[in-house]
Amino acid sequence: MEDVCTCWVCFELFEDPITLHCGHSFCLECASKVYKKNPCCPFCRRPFELPLPPVNKEIVQLVVDYVKSQEVKNERMEESAPPQESDFFQLPDEVLIDILSFLPPRDIGKSSRVCRDFQRLADDSWLWRDICQNLFPFCSVDKYGKNWKWCYVARSQLKYGWDEGKASQFEVTTFRGHTNYVNCFQLYRNNIVSGSADHKLKIWKVDNAEASSTLVGHNGVVNCLNFNEVKIVSGASDSTVRIWDTKTGIPIKSIAHTGAVHTLQFDDSKIISGGDGRTILVSDVRDGSTTLRLDGHNSSVFKLTFDNNNVISGGQDGIKVWDLRTGNLLRNLSSAAPSTFQVAGNQAIVGYNDGQLQIIDVATAAVSSFNGPRHYARINDVQTDGKNVATAAADGTIKYWDLTHKNYFTHWKNTNLRSIRSSLATISWSVLLQTIH
Ligand SMILES: [Zn+2]
Ligand SMILES: [Zn+2]
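Residue numbers (the numbering used here): 826 to 1262.
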């Protein structure tokens, strides 16, 4: 419970939590700070714009419930265990730790070899917590048994690997439970939600690889999903979008489409979804009612994304830009069917089935391309933070591009990764990009 109430920027309980368009939540103040440094989501690196969305009341409620449950727990603890007398030190630890904090991390590590007292201080979790917070815009300490020092060590190794283009050691964990192939999944903080051809969704904890709940209700292959702390939204071949409670897995609402649903995205007020029904629906996230219909695609829609002003959708008949307030079609960006795309501000980075990669200006539809070696097979995934672009293709390679100068930067050099074929490369990449900063 605590993990869904904690902001992964400041590692405190959420204060005025807001949910960005990518679905990831942070304290309002943390998000503003992040914006000033680098305006992209600390979790998935998707760029975001001002104004920031309003406070997400549902998450506020989660925090309130959590704090209440902790108060009850603490009262019980106090009744059962009398307070212990604390140890006595000549100089308060806080002072000593504060002095240590002026040293570079490497020297703090060395100082722990001086004597046992130093070792105790140099292992102090708060000290490493501050170091981690300063060096890495966000990290999950839960992965490292809540030990900030281990977290620092692991993250600096990752950073080294990233700088050098080398993957560090990785472990493979298998999540077993679905009875047919897994068609989509999303990783967010310590949770994974997966959707399968067995018509079910499952919620998993990353650390123990066990499904904590199974969501039953769809009557077709689950094609797409999105989730945050409070809701899971899924789309399936049964022509419905379903809304579920993340905590309990209980179905809340269902939205009817006229064909299989292939793509969706939601924030704290609306769900936007599209598929074989051609019409893109904008629905109210609370009651599932349709508030806007975007009509204009003449074929299936299989990818969409939105920001403060626009919806951008891709189908067999190309890419279209819509006005999110009026539902009007603003312009066609391309008449060719993309295999995938990602939008960063005014630029759409578009991948195609033949391996081509384009940059299309969202406002003018002007097309440009990157200099460098191209992909020779379907581009499965494009990720961007507004400065760099990563592409994963069915040719088994992952390429990294500089968006500012439209240049090829590097490719992922790890042989293990390169040998992983096609769609698996996609998955590995999106996970990697979320782990490395
Ligand atoms: Zn925060
Ligand atoms: Zn995000």
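Glycine is no exception: its CB is placed at the ideal position from the N, C-alpha and C atoms.
In the three-state reduction of the DSSP assignment, L921 falls in the helix class. A distance below 8 angstroms separates the beta carbons of N1008 and S1021. Closest in alpha carbon position to F1091, among T1130, T1071 and P1076, is T1130. As computed with DSSP, S1038 is found in a beta bridge with I1028. In this structure, the alpha-carbon of V1207 lies about 18 angstroms from that of V1126.
Remark: the C-beta of L845 is in contact range of ligand 2, defined as less than 7 angstroms to any heavy atom.
The Cβ atoms of N1171 and F1195 lie no closer than 8 angstroms to each other. For D1148, the enclosing beta strand (DSSP E) has its first and last residue at G1143 to D1148. The shortest C-alpha to C-alpha distance from R931 to any of I1174, I924, S894 and Y977 is the one to Y977. Note on the stretch 1063-1091: there is no whole alpha helix (DSSP H) run with a minimum of 4 residues.
Annotated as proximal: L1117 and G1152, with beta-carbon spacing under 8 angstroms. Relative to G1211, the option among W833, Q1011, C866 and D1148 whose CA is nearest is C866.
Between the stretch 888-901 and the stretch 914-927, the count of Cβ pairs shorter than 8 angstroms is below three; the stretches do not touch. The Cβ-Cβ distance between S1064 and H1082 falls below 8 angstroms.
With fewer than 16 other Cβ atoms inside 10 Å of its own Cβ, R938 counts as exposed.
Residue G934 holds the alpha-carbon nearest to the alpha-carbon of Q944 among W953, G934 and N1178. The stretch 828-848 makes contact with the stretch 860-874, as at least three CB pairs between them are under 8 angstroms. Assigned with DSSP and collapsed to three states, R1156 falls in strand.
A direct Cα-to-Cα measurement between Y1006 and D1023 gives close to 7 angstroms. For ligand 1, the residues with a Cβ under 7 angstroms from any of its heavy atoms are, in chain order, C832, V834, C835, E837, F839, E840, F851, C852, E854 and C855. Look at V966 here: in three-state DSSP terms it is helix. When rounded, the separation of the alpha-carbon atoms in L928 and T1209 is 35 angstroms. Here the C-alpha atom of I1068 lies approximately 10 angstroms from the C-alpha atom of I1096. Listed in chain order, the non-local C-beta contacts of L946 below 7 angstroms within the same chain comprise D918, L921, I922 and L925, local neighbours out to five positions each way being set aside.
With 16 or more other CB atoms across the displayed protein chains lying within 10 angstroms of its CB, I1174 is buried.
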